[in-house]
Amino acid sequence: MTVEDYKNGQVLLIDKPLTWTSFQVVNKLRWQIRQRFDIKKIKVGHAGTLDPLATGLLIVCTGKFTKKIETYQAQEKEYTGTITVGGTTPSYDLETEINETFPTGHISTELIHKTTTQFLGEIDQKPPIFSAIKKDGKRLYELARAGETTEINTRKITIFKFEITNIDLPNIDFRVVCSKGTYIRSLAYDFGKALNSGGHLSELRRTKIGDFSVDDALSIDEFIEGLV
115 MTVEDYKNGQ VLLIDKPLTW TSFQVVNKLR WQIRQRFDIK KIKVGHAGTL DPLATGLLIV
175 CTGKFTKKIE TYQAQEKEYT GTITVGGTTP SYDLETEINE TFPTGHISTE LIHKTTTQFL
235 GEIDQKPPIF SAIKKDGKRL YELARAGETT EINTRKITIF KFEITNIDLP NIDFRVVCSK
295 GTYIRSLAYD FGKALNSGGH LSELRRTKIG DFSVDDALSI DEFIEGLV
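Residues are numbered in the working numbering as their position in the sequence shown, beginning at 1, plus a constant of 114.
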């Protein structure tokens with residue numbers, strides 16, 4: 115592709131690697147495009163943040179297509195991952211260490227499958243304190259890392275599908291199809307609580323956004339190789 119192609123607008127499907135922030139991916143691609151075509155600036159943005167400990171599909175828009183970001187963000191998402199029961203963490207995932215443990219001996223396959231039904235359809239969900247949501251001009255994760263507490267309002271989200279794909283306690287593998295604004299970390303936490311135990315998200319991969327699939331995505335290295 116030419117520099118004009120990128121300026122006129124491209125949708126890039128990237129398979130975000132573990133530990134990278136979505137912001138780092140955008141910065142890397144922007145820098146590579148600028149270097150390749152020797153230009154000072156070009157608009158590049160992503161359509162929906164993935165946490166550093168998540169992998170999978172990140173839609174990156176360039177040039178004039180950055181105006182379409184909100185459209186892509188609004189589409190339903192599909193995730194696969196693992197909920198580990200028996201312990202909770204402040205971040206609801208492995209970014210922070212387990213701070214409380216719970217019994218798991220009562221958790222059966224039947225109970226796990228039955229409990230998923232509580233989360234289907236439109237539900238009220240409270241985002242994690244370790245999130246990028248702004249309150250009073252500050253990101254919630256900034257408050258959390260500073261040891262501050264704050265009241266977080268629930269929001270309406272929709273879970274279209276919640277399937278259990280494998281059970282090997284304390285790990286429960288799942289596939290979820292959900293609306294914009296859903297926090298899978300919160301789902302993991304709430305699911306553990308609904309099992310009369312505790313839970314946290316130990317693995318997450320975004321596999322689809324609307325009609326876009328991670329199967330069609332490039333790694334960052336593959337994208338860079340294609341620029342040469």
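Here a beta-carbon is modelled for each residue, glycine too, at the ideal position from N, C-alpha and C. Predicted model, so just to flag it, every value in this text is computed and none were measured.
Under a Cβ-count criterion, where at least 16 other Cβ atoms within 10 Å of its own Cβ denotes burial, should Leu234 be classed as buried or exposed?
The residue is exposed, with fewer than 16 neighbouring Cβ atoms inside 10 Å.
Does the Cβ-Cβ distance between Leu283 and Ile298 come in under 7 angstroms?
Going by C-beta atoms, Leu283 is not nearer than 7 angstroms to Ile298.
Using the DSSP secondary-structure output, state which residues sit across from Asp207 in a beta bridge.
Residue pairing by DSSP places Asp207 opposite no residue, since no beta bridge is assigned to it.
Alpha-carbon spacing of Thr223 relative to Thr229, whole angstroms:
Cα to Cα, the separation comes out at about 10 angstroms.
Give me the Cβ distance between Gly177 and Gly123, rounded to the nearest whole Å; I'm assuming they're in contact under 8 angstroms.
The distance from the Cβ of Gly177 to that of Gly123 is about 4 angstroms, consistent with a contact at the 8 angstroms cut-off.
How would you call Pro242, buried or exposed, if buried means at least 16 neighbouring beta carbons within 10 angstroms?
Buried, because 16 or more other Cβ atoms sit within 10 Å of the Cβ of Pro242.
Can you name, in chain order, every residue of its own chain whose Cβ lies under 6 angstroms from the Cβ of Arg289, other than the five neighbours on each side?
Shown here for Arg289: same chain residues with a beta carbon closer than 6 angstroms to its own, the five before and five after excluded, namely Thr194, Glu277 and Thr279 in chain order.
For Leu164, which residues in the same chain have their Cβ closer than 7 angstroms to its Cβ, ignoring the five residues on either side in sequence?
Excluding positions up to five away in sequence, the list reads Lys130, Ser136, Gly170, Leu172 and Arg320.
Have a look at Ile128 and Asp335 and give me their C-alpha separation to the nearest angstrom.
Straight-line Cα distance between these residues: approximately 10 angstroms.
Taking all protein chains shown into account, decide if His220 is buried (16 or more other Cβ within 10 angstroms of its Cβ) or exposed.
Per the 10 Å Cβ criterion, exposed.
Identity of the residues DSSP links to Asp282 by a beta bridge
Looking at the DSSP output, Asp282 sits in a beta bridge with Asn285.
Using 7 angstroms as the threshold, is the C-beta distance between Thr180 and Lys157 below it?
A contact, by the Cβ cut-off of 7 angstroms.
Below 8 angstroms on the Cβ atoms is my contact criterion, and I expect Thr203 with Asn213 to pass it. Report the Cβ-Cβ distance as a whole number of Å.
Yes, they are in contact, since the Cβ atoms of Thr203 and Asn213 sit about 6 angstroms apart, within 8 angstroms.
Relative to the C-alpha of Ser327, which candidate in Glu192, Val140 and Arg148 has its C-alpha closest?
Between Ser327 and the set Glu192, Val140 and Arg148, the nearest pair of CA atoms involves Glu192.
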